[in-house]
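Chemist: Can you keep this structure in mind? I'll have questions shortly.
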Amino acid sequence: MHSKKEEKENLKKVAASKLNQGMEGEELAVGCFLSIKTTLGDEFEGQIITFDRLSNILVLQEKSGPRRNIRLLKANYIKEFSLLRQDEDPLDVKKCFLDLISLQAREDSALRQAEADSERFGVGVTSEAQNLFDALCKTLPVRWDKTVIVVMNEVRVSSPYLPDSVSGGTPAANERVKKVLEFERKRMQTRGNSQ
């Protein structure tokens, strides 16, 4: 009687040897489409991009809609596989196309987002001040002006970030910011007491 652990190890060895045997033949070359079941219960289809014998890693390309997913899979985690069809090399340089305009637009968008994200972090402020800023950010437009929180481009909250530290803006905006500050300070205090 074998234990579950021994059974799993045997399955891994059998799968790895099947894959290695198959990889030596022509039928499982780069470009082949496989249906794979792993020892972890995953089932998927993918096209072989390459197989690295040294690390025993199979590199597969899965197509899901317009995007392609690259999966690195240790061969010993393959429980079963079947050859679906043979196709051309997916990395054929003559057929690869890079949309440089689209890539540039994605890069620009990512940079703008990173800049916007970095503006949400106060420099030289306490973690309490940052937590208050983050709480205000959920319901109101806020930004940092050095160590001062600027809400709705008119109300300013200075250190120590208490309701008494609120200045500027219309009376209604001023009161709203004070109420949010009071509420968030109570929440932070309650969380602090419960820990």
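When the count follows this note's numbering, it moves up by one through the sequence shown with no breaks and lands on 242 for the last residue. Glycine included, each C-beta is placed from N, C-alpha and C at the ideal position.
Mind checking whether G88 and E109 have CB atoms under 8 Å apart?
Modeler: no
Chemist: Cutting at 6 Å between CB atoms, please list the residues of its own chain near S212, excluding the five before and the five after it.
Modeler: V204, S205
Chemist: Expressed to the nearest angstrom, what Euclidean distance is found between the alpha-carbon atoms of S82 and I125?
Modeler: 10 Å
Chemist: Of the choices Q151, E162, Y208, S156, whose alpha-carbon is the least far from that of L179?
Modeler: Y208
Chemist: Taking 7 Å as the cut-off, is the C-beta of L187 nearer than that to any heavy atom in the ligand NAP?
Modeler: Inclusion of the ligand NAP in the displayed structure is not the case, the ligand content being empty and no account of it being possible.
Chemist: Classify I148: buried if its beta carbon has 16 or more other beta carbons within 10 angstroms, exposed otherwise.
Modeler: With fewer than 16 other Cβ atoms from the protein chains shown falling within 10 Å of its own Cβ, I148 counts as exposed.
Chemist: Going by beta carbon distance, what residues of the same chain come within less than 7 Å of P210, once the five residues before and after it are set aside?
Modeler: K225, L228, E229
Chemist: How big is the Cα-Cα spacing for V77 and L120?
Modeler: 15 Å
Chemist: Quick check: the Cα distance between T194 and G169, rounded to an integer number of angstroms?
Modeler: 7 Å
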